[in-house]
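J.: One structure is given below, represented as structure tokens, and several questions about it will come after.
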Amino acid sequence: MSRKIVELLSEEKRPLTTEYICLKLNIAKSLASSALYKLLREGIVERVYTETYDPTQPFDTAMWVLKEGVKQAEGAIKPAEGIESKHTKLVLSMPLSMHSLRADLLNRFEALDLHDAYTHVIEMARQELKIMCPVIDAYALYPLISKILSSKGLKIRVLTEIGKSRDVMHLLESLGSKSIEVKNAEKTVRYEGYERKAFGIHAKLVIADNEVALIGSFNLSRHHYLVNFDIGFLIYDQAVVNKLSLIFEEMWNYVSATD
Numbered sequence: 002m003s004r005k006i007v008e009l010l011s012e013e014k015r016p017l018t019t020e021y022i023c024l025k026l027n028i029a030k031s032l033a034s035s036a037l038y039k040l041l042r043e044g045i046v047e048r049v050y051t052e053t054y055d056p057t058q059p060f061d062t063a064m065w066v067l068k069e070g071v072k073q074a075e076g077a078i079k080p081a082e083g084i085e086s087k088h089t090k091l092v093l094s095m096p097l098s099m100h101s102l103r104a105d106l107l108n109r110f111e112a113l114d115l116h117d118a119y120t121h122v123i124e125m126a127r128q129e130l131k132i133m134c135p136v137i138d139a140y141a142l143y144p145l146i147s148k149i150l151s152s153k154g155l156k157i158r159v160l161t162e163i164g165k166s167r168d169v170m171h172l173l174e175s176l177g178s179k180s181i182e183v184k185n186a187e188k189t190v191r192y193e194g195y196e197r198k199a200f201g202i203h204a205k206l207v208i209a210d211n212e213v214a215l216i217g218s219f220n221l222s223r224h225h226y227l228v229n230f231d232i233g234f235l236i237y238d239q240a241v242v243n244k245l246s247l248i249f250e251e252m253w254n255y256v257s258a259t260d
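Residues 2 to 260 (our numbering) are what the sequence shown spells out, left to right.
Shown next as structure tokens:
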């Protein structure tokens, strides 16, 4: 599949959206996303953003191009000299007030937009998706709903603070899906007549099949996406992803034990 994508990019000689690539090659978005991000890590392609980029439609509006110097010979695809495979990718989230700078900053720092990276991780999941974030709203749930409706056997576990993420509970009630399990990480105690927070989470983490992880300073909500500047990383390093996954399990078990 990677070779077909490279051939298409080479033939078209222009930036192409994931949506266009899927239509031309007649493949699913999940398959295209997996192949494209593999090529991205290997230094074969790069993500390109323009002023028309719409974070709510990353597949339709962000584009892919071949990196300069990429060679195809004897059935093999070779990156430009000096380009090494990358195990991490910078992720940026810029508020609406920085809209005019978004494309330039993303391209200049070879970064991914947060919503773009988040959607990619969700699309990568085939067996299990782990999400840890104190604030999750409907804005972040739309890609998740699409994945749930198109996937069979996908298990999703969400660790959040329900008081700040009521849309997650609405999702559970609406879909009635047994594949989603949600734990409330917020614990309170009553002291001198007042309810006080005794424990919660502040980490933001999304893991797909223990293969790729998205981590950063962002909350998964429309408000935070529109008003805050955040930095994160898309991580493919297997050792690091495994550790992050184990940390998720530790927190999941801790919260479960204190229910």
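C-beta: ideal position from N, C-alpha, C; glycine also.
Checking the sheet assignment: what are the DSSP bridge partners for tyrosine 195?
T.: For the purposes of this step, residue 195 is identified with residue 194 of the sequence shown, where counting begins at 1. In DSSP, tyrosine 195 forms a bridge with Tyr192.
J.: Would arginine 42 and histidine 88 be called neighbours here (beta carbons separated by less than 9 Å)?
T.: As a first step, residue 42 is located in the sequence shown; it is residue number 41 there, counting from the start. As a first step, residue 88 is located in the sequence shown; it is residue number 87 there, counting from the start. Cβ atoms of arginine 42 and histidine 88: closer than 9 Å.
J.: Please list, in chain order, all residues of the same chain as isoleucine 132 whose beta carbon is under 6 Å from its beta carbon, the five residues on each side excluded.
T.: The residue you call residue 132 lines up with position 131 of the sequence shown. Excluding positions up to five away in sequence, the list reads Val159, Val207.
J.: For lysine 131, which of helix, strand or coil comes out of DSSP?
T.: Numbered from 1 along the sequence shown, position 130 holds the residue referred to as residue 131. It is a strand residue.
J.: Could you give the DSSP three-state label for isoleucine 256: helix, strand or coil?
T.: Taking the sequence shown and counting its residues from 1, the one referred to as residue 256 is at position 255. Residue identity check: residue 256 is valine in the sequence provided, not isoleucine. The answer is helix: DSSP assigns valine 256 an H, G or I state.
J.: Can you tell me the Cα-Cα spacing of valine 241 and glycine 164, whole angstroms?
T.: Within the sequence shown, residue 241 is the residue found at index 240, counting from 1. Within the sequence shown, residue 164 is the residue found at index 163, counting from 1. Distance between the alpha carbons of valine 241 and glycine 164 is about 31 Å.
J.: In the DSSP assignment, find the alpha helix (DSSP H) that holds asparagine 220 and state where it starts and stops.
T.: Locating residue 220 in the sequence shown gives position 219, where the first residue counts as 1. Here asparagine 220 belongs to no alpha helix (DSSP H), and DSSP marks it neither H nor E.
J.: In the DSSP assignment, the beta strand (DSSP E) including arginine 167 goes from what residue to what residue?
T.: As a working mapping, residue 167 is identified with position 166 in the sequence shown. From DSSP, arginine 167 is part of no beta strand (DSSP E) but of the alpha helix (DSSP H) over 167-176.
J.: Secondary structure at lysine 205, three-state DSSP: helix, strand or coil?
T.: Position 204 of the sequence shown, counting from 1, holds the residue named residue 205. Reduced to three states, the DSSP call for lysine 205 is strand.
J.: What span of residues does the alpha helix (DSSP H) with valine 7 cover, start to end?
T.: Residue mapping note: residue 7 aligns to position 6 of the sequence shown, counting from 1. Looking at the DSSP string, the run of the alpha helix (DSSP H) that includes valine 7 is 3-13.
J.: Would you mind sorting glycine 154 into buried or exposed? The rule is 16 or more other CB atoms within 10 Å of its CB.
T.: For the purposes of this step, residue 154 is taken as residue 153 along the sequence shown, with counting starting at 1. Flag for glycine 154 reads exposed.
J.: By alpha-carbon positions, which one of Tyr119, Val228, Asn254 ends up nearest to glutamate 182?
T.: For this step, residue 182 is matched to residue 181 along the sequence shown. Considering only alpha carbons, the answer is Asn254.
J.: Quick one: using the 10 Å Cβ neighbour count with 16 as the cut-off for buried, is glutamate 82 buried or exposed?
T.: Here residue 82 refers to the residue found at position 81 of the sequence shown. Its pLDDT being 47, under 50, glutamate 82 is placed unreliably by the model, and the measurement read from it follows with that caveat. That one is exposed.
J.: For the alpha helix (DSSP H) that lysine 25 lies in, which residues bound it at each end?
T.: Walking along the sequence shown from the start, residue 25 turns up at place 24. Its alpha helix (DSSP H) spans residues 19-26.
J.: Per DSSP, valine 92 is paired with what?
T.: By 1-based counting over the sequence shown, the position of residue 92 is 91. The partner list for valine 92 (beta bridge, DSSP) reads Leu113, Gly233.
J.: Please name the residue or residues paired with asparagine 185 in a DSSP beta bridge.
T.: On the sequence shown, residue 185 is found 184 positions in, with the first residue counted as 1. BP columns for asparagine 185 point to Thr161.
J.: Do the segment 39-54 and the segment 92-105 make contact, defined as three or more Cβ pairs closer than 8 Å?
T.: Short answer: they touch.
J.: Quick one, which of Ser151, Leu142, Leu235, Lys188 has its alpha-carbon nearest leucine 173's?
T.: To locate residue 173, count along the sequence shown from 1; it is residue 172. Minimum Cα distance to leucine 173 is reached at Leu142.
J.: Tell me, to the nearest whole angstrom, how far the beta carbon of serine 31 is from that of phenylalanine 230; I am working on the premise that it is less than 8 Å.
T.: As a position in the sequence shown, residue 31 is number 30, starting the count at 1. As a position in the sequence shown, residue 230 is number 229, starting the count at 1. Rounded, the Cβ-Cβ distance is 30 Å, inconsistent with contact.
J.: Do serine 166 and valine 136 have their C-beta atoms closer together than 9 Å?
T.: Here residue 166 corresponds to residue number 165 of the sequence shown, with the count starting at 1. Here residue 136 corresponds to residue number 135 of the sequence shown, with the count starting at 1. In contact: serine 166 and valine 136 (Cβ atoms closer than 9 Å).
J.: Have a look at Asn211, Glu193, Leu221, Arg191 and flag the residue whose alpha-carbon is nearest the alpha-carbon of alanine 267.
T.: In the structure as shown, the chain starts at 2 and stops at 260, and residue 267 therefore has no counterpart that could be examined.
J.: On the criterion of 16 or more Cβ atoms from any shown chain inside 10 Å, does tyrosine 192 qualify as buried, or is it exposed?
T.: Position 191 of the sequence shown holds residue 192. Label assigned to tyrosine 192: exposed.
J.: DSSP on lysine 244, reduced to helix/strand/coil?
T.: The sequence position of residue 244 within the sequence shown is 243, counting from 1. DSSP places lysine 244 in helix when its eight states are reduced to three.
J.: Here's the rule I'm using: 16 or more other beta-carbon atoms within 10 Å means buried, otherwise exposed. How should glycine 194 be labelled?
T.: Indexing the sequence shown from 1 puts residue 194 at position 193. By the 10 Å Cβ count, glycine 194 comes out exposed.
J.: Assign histidine 121 to one of two classes, buried (16 or more other C-beta atoms within 10 Å of its C-beta) or exposed (fewer than that).
T.: Here the question's residue 121 lines up with position 120 in the sequence shown. When all chains shown are included, histidine 121 counts as buried.
J.: By a C-beta neighbour count over all protein chains shown, 10 Å radius and 16 as the cutoff for buried, is valine 190 buried or exposed?
T.: On the sequence shown, position 189 is the one that residue 190 refers to. Flag for valine 190 reads exposed.
J.: To which residues of the same chain is leucine 245 closer than 8 Å at the C-beta, ignoring the five residues directly before and after it?
T.: As a first step, residue 245 must be located in the sequence shown, where it is residue number 244. So the qualifying residues of the chain are Leu206, Ile208, Ala214, Ile216, Ile236.
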